[in-house]
Amino acid sequence: MNNLYEAFHKYFKVVVADTPELLEEVFRIRFQVLCVEQRLPGFDISNYPDGLESDSYDQHSCHILLQHRDSGDFMGTVRLIMFDPMNPEKPFPMELHTRFDPELFDITKLSRCHTAEISRFVILERYIRRRADRCTAKNIEGNKKNTVTERRCFPNIGLSFVVGILRLSAQYDLKNWVSVMDPALNRLLSYFGADLNPVGPLIDYHGLRRPYFIRIIDAVNKMHSKDREAWELATENGKYYSYDDEQP
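Numbering of the sequence shown is given in our numbering, commencing with residue 43 and proceeding in unit increments.
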């Protein structure tokens, strides 16, 4: 495997939050980021007296934790909101809080049981800060080569979440991703080809955000074309969502 693959497995571990204890870690991290650090507007700390941020969508969501291997600490979390088997026509949050361009996107044409919304993509501030401090120190030294090497060898945290999201998506036979994201986050994902396609205008929903959609096979193919090492890592070299060279 490539250096990026080896570096990811050296530093990170993707953990599926499938126990009450791990779910509590998910909700505690979200409370810290959204309510205490207040990185998004609209999350009042007084609404969560137990120190856990959760909502009704968590009952039919799959959750991922990103763990730092050396310390064992959990660094962040993301969820996939699945269709609700008790209410299969229940709208995804993006349907309730955004508008779509009808020439770009028609959600009624998607199989809801094969679609999930990427949501609550959060990283604890101290890990973002550590990353920034490392890069700044390298820049001060004036050694451009070392900076590039470190950024390449220490995987992008966004890519680390894509690893987990892809594996969960394969497990549940998902075909489509939708999301409501800050465009800056989507640009971050674009560095290795995992960005989604905008399908509507900016809206004010926990800050300025935009609705996005992509077929998962298109995301996989784009990663394969743009960043082969990232593709090998995210798909385990094709074990999850093989590259389809017949796709346009």
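All C-beta atoms in this analysis are idealised placements derived from N, C-alpha and C, irrespective of residue type, glycine included. Quick caveat: nothing in here was measured; it's all calculated off a predicted structure.
Report whether the distance from the Cβ of residue i to the nearest heavy atom of the ligand MN is below 7 Å.
i	result
K281	The ligand MN is absent from the structure shown, which contains no ligand whatsoever.
Could you please give the first and the last residue of the uninterrupted beta strand (DSSP E) stretch that includes residue i?
i	result
S103	103-110
G118	116-123
R162	157-165
V295	Lying before the first or after the last residue shown, residue 295 is absent from the chain, which here runs from 43 to 290.
Is the CB-CB distance between residue i and residue j below 8 Å?
i	j	result
G200	L231	yes
A306	A236	The requested residue 306 does not occur in the structure, where the chain is confined to residues 43 to 290.
V204	A276	yes
N279	I256	no
F228	I258	The displayed chain sequence assigns Asn, not Phe, to residue 228. No, Cβ-Cβ distance for N228 and I258 is not below 8 Å.
R251	V222	yes
F134	I123	yes
I160	V120	yes
V164	V75	yes
S267	F54	no
Y99	L208	no
M136	P225	no
E167	E48	no
For residue i, which residues in the same chain have their Cβ closer than 6 Å to its Cβ, ignoring the five residues on either side in sequence?
i	result
G206	V56, I106
F125	R154, C155
Y233	none
Check for me: the alpha helix (DSSP H) holding residue i runs from which residue to which?
i	result
R72	62-72
A272	270-277
P135	135-139
G200	199-213
Under 7 Å Cβ to Cβ from residue i, same chain only, skipping five residues before and after it: list those, please.
i	result
L94	E66, F69, R70, F73
N44	E271, E274
V190	Only weak support is given to the placement of V190: the predicted model assigns it a pLDDT of 37, under 50, and the value that follows is read from those uncertain coordinates. So no residue of the chain qualifies.
_With three or more beta-carbon pairs closer than 8 Å as the criterion, would you say the stretch 135-145 touches the stretch 85-96?_
With the cut-off at 8 Å, the stretch 135-145 and the stretch 85-96 do not touch.
*Counting Cβ pairs closer than 8 Å, one from the stretch 61-70 and one from the stretch 130-140, do we hit at least three?*
Too few Cβ pairs lie closer than 8 Å, so no.
*Could you tell me which uninterrupted alpha helix (DSSP H) segments, each at least 4 residues in length, are contained entirely in the stretch 223-251, listed from first to last along the chain?*
If we require 4 residues or more, the alpha helix (DSSP H) runs fully inside the stretch 223-251 come out as 225-232.
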